[in-house]
Amino acid sequence: MNDVRELLERAAEGAGRPAVSTGAVYARAARIRLRRRAAGAVAVLAVVAAGGAALPGLTGPAATEQTSVAAVPVSDSGRQGKAESLTALLPRGVGDVTRVSLLTLTKNATPEQAEKTYAGPLDGEYLIRKDGGTGYLLLRYMKGSAVAERSGGTGLDDVCAARSGEPAFTDCAREELPDGSILTTWSDSMAYAGQDGTPEWGPERVGRLELGDGSLLVVRASSGYLGDRPQGPLLTGPPLDQEQLRTLIQRPELLPHG
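The opening position of the sequence shown corresponds to residue 8 in the working numbering, with each subsequent residue numbered one higher.
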């Protein structure tokens, strides 16, 4: 389980329940983890589930005052450029897109503490504002070697398969694409209690693309964050519907070139 936990954290690092956990890879393990680790979770997308990451030099409870995105330090000169590149791939009407750090927003981390190295060209955490609500898009690509190392080479679970004693994901669809890749999309209510007994994240949709070379791309479309330091009320629903998510995750612009 430690390997699965580490894989989940890495795949969705920093973002929520996780992170991008984006747990990205083992939804089953992620859900169990979420239930057990209620309160200190930071939601990332990365990927499906996620978990709070330990930050060197970051101690004590995070400040509780609300912080606007404008107050978040921006150390990456290409941050807005990536937001614009992602916006060009999204359907019209999704909302305003800003690239952010969830660890900075939700845990008051410094830019140095929140710094990450991404493998995908548009990997990262993006804040979506629309009609007064605030949600997130979390993108994370993992090389095949990283997936194999963290999963022990056993491959990824079919998250749509029924499992004894566990609630099934809603709208779960798994398909093999013409190029041999496996695309899975599903919805999650995210009704996992936080420290105060209430959920920390709103409902979300998740997409997972398993590529033929063993690499993995995960996209989380979250309706928003309800824990400490929220950036605003939830969106009325995830920023992408299932078909829009399916289309986005297949865009070649999300994958490394070459």
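Glycine is no exception: its CB is placed at the ideal position from the N, C-alpha and C atoms.
| Asked | Found |
| --- | --- |
| If you drop the 5 nearest sequence neighbours on each side, which residues of the same chain put their C-beta closer than 8 Å to that of Ala78? | A caution first: Ala78 carries a pLDDT of 31, below 50, which makes its placement in the model too unreliable to give a value. |
| Go to Ala168, then tell me how far its alpha helix (DSSP H) extends in each direction, as first and last residue. | Element bounds for Ala168: n/a, residue is neither H nor E. |
| State buried or exposed for Pro246, treating a residue as buried only when at least 16 other CB atoms are found within 10 Å of its CB. | buried |
| CA-CA distance, Pro25 and Thr124? | With a pLDDT of 46 at Pro25, under the threshold of 50, the predicted position of this residue should be treated as unreliable, and no value is reported. |
| Go ahead and pull the three-state DSSP assignment for Val154. | helix |
| Tell me which residues share the same chain as Ala168 and place their Cβ nearer than 8 Å to its Cβ, disregarding the 5 neighbours each side in the sequence. | none |
| In the DSSP assignment, what residue or residues form a beta bridge with Thr141? | Arg136 |
| For Gly234, which residues does DSSP report across the bridge? | Beta-bridge pairing links Gly234 to no other residue. |
| For the beta strand (DSSP E) containing Leu223, name the first residue and the last one. | Leu223 to Ser229 |
| State the start and end residues of the unbroken alpha helix (DSSP H) segment that holds Arg253. | Gln249 to Ile256 |
| Tell me the rounded alpha-carbon separation between Gly137 and Glu207. | Note that residue 137 is Lys in the sequence shown, not Gly. Going from the Cα of Lys137 to the Cα of Glu207 covers about 20 Å. |
| Relative to the C-alpha of Gln257, which candidate in Gly214, Arg236, Ser230 and Ala228 has its C-alpha closest? | Gly214 |
| For Gly131, name the three-state secondary structure that DSSP assigns. | strand |
| CA-CA distance, Leu163 and Asp195? | 18 Å |
| Tyr133 and Thr113: beta carbons closer than 9 Å? | no |
| For a test of the three-state rule: what should DSSP assign to Leu261, helix, strand or coil? | helix |
| Going straight from the alpha carbon of Leu110 to that of Gln251, what length do you get? | 27 Å |
| Report yes if the CB atom of Leu224 is closer than 9 Å to the CB atom of Leu146, and no otherwise. | yes |
| Assuming the contact rule is C-beta atoms closer than 8 Å, Gly244 and Gly219 should be a hit. Round their C-beta distance to whole Å, please. | Going by Cβ atoms, the distance from Gly244 to Gly219 rounds to 32 Å, so no, they are not a contact pair. |
| From this set, Gly234, Tyr232, Gly239 and Glu211, which residue's C-alpha is nearest Val226's C-alpha? | Glu211 |
| Confirm, please, whether the CB-CB distance from Ser230 to Leu216 is below 9 Å. | no |
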